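Trainee: Just dropping this structure here.
Numbering (this note's numbering), first residue to last: 3 to 286.
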């Protein structure tokens with residue numbers, strides 16, 4: 003009887019061992035199938051995302067064509083009315099003359115941006131065709147002219163020192179959008195600084211170019227809010243004037259065209275945003 007019990011125990015142990023081995027074998031056999039299924043699902047997801055991306059890119063391209071085309075007509079009308087207004091004014095004050103001058107300048111700049119966008123669309127499949135020399139002083143002056151009324155309203159002092167590096171090679175449309183968003187951001191969060199100052203400087207190394215925009219505004223708690231700085235529809239402060247997409251656009255443009263954005267900031271003392279891009283001039 004004892005022998006029978008021992009045999010049964012032995013058999014049970016063997017069965018248990020075989021079941022364990024069987025589970026291991028099943029796992030070994032099923033793993034490739036599971037991985038294969040995961041791979042198929044991942045490939046399908048990537049394919050679907052690529053199709054969506056193609057669709058979005060096409061829609062964006064069509065929108066940009068329509069927008070640039072449709073903007074030409076109202077800009078021409080604005081230019082025409084400004085010319086007529088200038089002719090009809092009798093002995094206008096210096097302030098009115100100055101306002102008219104800047105209005106006409108802004109219209110000319112808007113037309114220039116439309117031309118740049120159109121050229122960028124035409125050459126969208128070849129980045130090398132978009133790469134060209136940029137005069138930083140002229141670009142910054144053009145950007146600031148479009149923000150002149152806000153700058154005057156907030157009594158902001160702009161100090162630009164681009165003497166170390168003024169002519170660079172990059173993508174004009176992308177760089178305009180990058181600097182415009184950063185400068186606009188600095189103006190928006192300048193706070194009650196007295197005097198309110200924004201410094202724009204440039205420098206270079208053999209491999210990289212740096213363009214810094216430094217303000218003495220509200221500042222950012224980077225330990226707490228750094229993720230918000232580059233997030234879509236994220237605002238660092240409760241200010242409702244911002245859309246929350248400016249720095250997101252900047253970050254993505256730099257990723258797409260080559261470059262990065264460095265941030266230094268301290269609450270109550272201001273922020274410095276530095277655009278770092280490859281030094282294409284040295285590659286000639």
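All residues carry an ideal CB built from backbone N, CA and C; glycine is no exception.
Here the structure is a predicted model, which means the values were calculated and not measured.
(1) Quick check on the DSSP output: the alpha helix (DSSP H) that includes residue 305 runs from which residue to which?
(2) At the level of alpha carbons, what is the spacing between residue 107 and residue 143?
(3) Do residue 202 and residue 162 have their C-beta atoms within less than 8 Å of each other?
(4) Which residues bound the beta strand (DSSP E) around residue 170?
(5) Is DSSP giving residue 263 helix, strand or coil here?
(6) Distance, Cα to Cα, residue 160 vs residue 200?
(7) State the CB to CB distance for the pair residue 262 and residue 274, rounded to an integer number of angstroms; the pair is presumed to be in contact (CB under 8 Å).
(8) According to DSSP, is residue 92 helix, strand or coil?
(9) Give the DSSP-derived three-state secondary structure of residue 195 in the structure shown.
(10) Where does residue 217 fall in DSSP's three states?
(11) Within 10 Å of its beta-carbon, does residue 44 have 16 or more other beta-carbons around it, so buried, or fewer, so exposed?
(12) Check residue 223 in the structure and name its three-state DSSP category.
(13) How would you write the range of the beta strand (DSSP E) that residue 273 sits in, first residue to last?
(14) For residue 240, which residues in the same chain have their Cβ closer than 7 Å to its Cβ, ignoring the five residues on either side in sequence?
(15) Got a sec, what are the start and stop residues for the alpha helix (DSSP H) residue 151 sits in?
(16) Give every residue of the same chain whose Cβ lies closer than 8 Å to the Cβ of residue 46, excluding the five residues on either side of it in the sequence, and list them in chain order.
(17) Among 269, 281 and 270, which residue has its Cα nearest to the Cα of residue 259?
(18) Taking the alpha carbon of residue 175 as the point to measure from, which residue in 115, 207, 145 and 249 has its own alpha carbon closest?
(19) Pick helix, strand or coil for residue 208, following the three-state DSSP scheme.
(20) Residue 108 by DSSP, collapsed to three states: which one?
(21) Where residue 278 and residue 214 are concerned, what is the direct C-alpha to C-alpha distance, given to the nearest angstrom?
(22) Find out if the Cβ-Cβ distance for the pair residue 136, residue 185 is shorter than 8 Å.
(23) Mind checking residue 288: buried by the 16 CB within 10 Å criterion, or exposed?
(24) What first and last residue would you give for the beta strand (DSSP E) that runs through residue 162?
(25) When you compare only the Cα positions, how much space is there between residue 191 and residue 224?
Mentor: On the basis of the coordinates in this document:
(1) Since the first residue shown for the chain is 3 and the last is 286, residue 305 is missing from the structure and cannot be characterised.
(2) Mapped onto the chain shown, residue 107 falls at position 105. Mapped onto the chain shown, residue 143 falls at position 141. Whole-angstrom Cα-Cα distance: 11 Å.
(3) Residue mapping note: residue 202 aligns to position 200 of the chain shown, counting from 1. Residue mapping note: residue 162 aligns to position 160 of the chain shown, counting from 1. In this structure, residue 202 lies near residue 162, with their beta-carbon atoms less than 8 Å apart.
(4) As a working mapping, residue 170 is identified with position 168 in the chain shown. It spans 169 to 172 - the beta strand (DSSP E) in which residue 170 sits, taken as one unbroken run.
(5) Residue mapping note: residue 263 aligns to position 261 of the chain shown, counting from 1. DSSP places residue 263 in strand when its eight states are reduced to three.
(6) Taking the first residue of the chain shown as 1, we reach residue 160 at position 158. Taking the first residue of the chain shown as 1, we reach residue 200 at position 198. Taking the straight line joining both Cα atoms gives about 5 Å.
(7) Here residue 262 refers to the residue found at position 260 when the chain shown is read from its first residue. Here residue 274 refers to the residue found at position 272 when the chain shown is read from its first residue. Not confirmed; about 14 Å, so no contact.
(8) By one-based count along the chain shown, residue 92 stands at place 90. Here residue 92 sits in coil by DSSP.
(9) Along the chain shown, read from residue 1 onward, the residue named residue 195 stands at position 193. Residue 195: coil per DSSP, three-state reduction.
(10) Locating residue 217 in the chain shown gives position 215, where the first residue counts as 1. Strand, per DSSP.
(11) Position 42 of the chain shown, counting from 1, holds the residue named residue 44. By the 10 Å Cβ count, residue 44 comes out exposed.
(12) In the chain shown, residue 223 corresponds to position 221, counting from 1. Three-state result, residue 223: coil.
(13) By one-based count along the chain shown, residue 273 stands at place 271. Annotation: the continuous beta strand (DSSP E) that includes residue 273 extends over 272 to 280.
(14) Translated into the one-based positions of the chain shown, residue 240 becomes position 238. Model confidence at residue 240 stands at a pLDDT of 48, short of 50, so the residue's coordinates are unreliable; what they give is reported in the following sentence. Closer than 7 Å at Cβ, skipping near neighbours: no residue.
(15) Taking the first residue of the chain shown as 1, we reach residue 151 at position 149. Per DSSP, residue 151 belongs to the alpha helix (DSSP H) from 150 to 155.
(16) To locate residue 46, count along the chain shown from 1; it is residue 44. Answer for residue 46: no residue qualifies.
(17) Numbered from 1 along the chain shown, position 257 holds the residue referred to as residue 259. Residue 259 has its Cα closest to that of 281, out of 269, 281 and 270.
(18) Start at 1 with the first residue of the chain shown, and residue 175 comes out as number 173. Comparing Cα-Cα distances from residue 175 to each of 115, 207, 145 and 249, the minimum goes to 115.
(19) Residue numbering aside, residue 208 sits at position 206 when the chain shown is read from its first letter. Residue 208: coil per DSSP, three-state reduction.
(20) Position 106 of the chain shown, counted from the first residue, corresponds to residue 108. Of the three classes helix, strand and coil, the one that applies to residue 108 here is helix, per DSSP.
(21) Within the chain shown, residue 278 is the residue found at index 276, counting from 1. Within the chain shown, residue 214 is the residue found at index 212, counting from 1. Between residue 278 and residue 214, the C-alpha separation is close to 9 Å.
(22) Your numbering for residue 136 matches position 134 in the chain shown. Your numbering for residue 185 matches position 183 in the chain shown. Cβ atoms of residue 136 and residue 185: not closer than 8 Å.
(23) It is not possible to answer for residue 288, since the shown part of the chain is limited to 3 through 286.
(24) Along the chain shown, read from residue 1 onward, the residue named residue 162 stands at position 160. Looking at the DSSP string, the run of the beta strand (DSSP E) that includes residue 162 is 158 to 163.
(25) Start at 1 with the first residue of the chain shown, and residue 191 comes out as number 189. Start at 1 with the first residue of the chain shown, and residue 224 comes out as number 222. Computed Cα separation, rounded: 15 Å.
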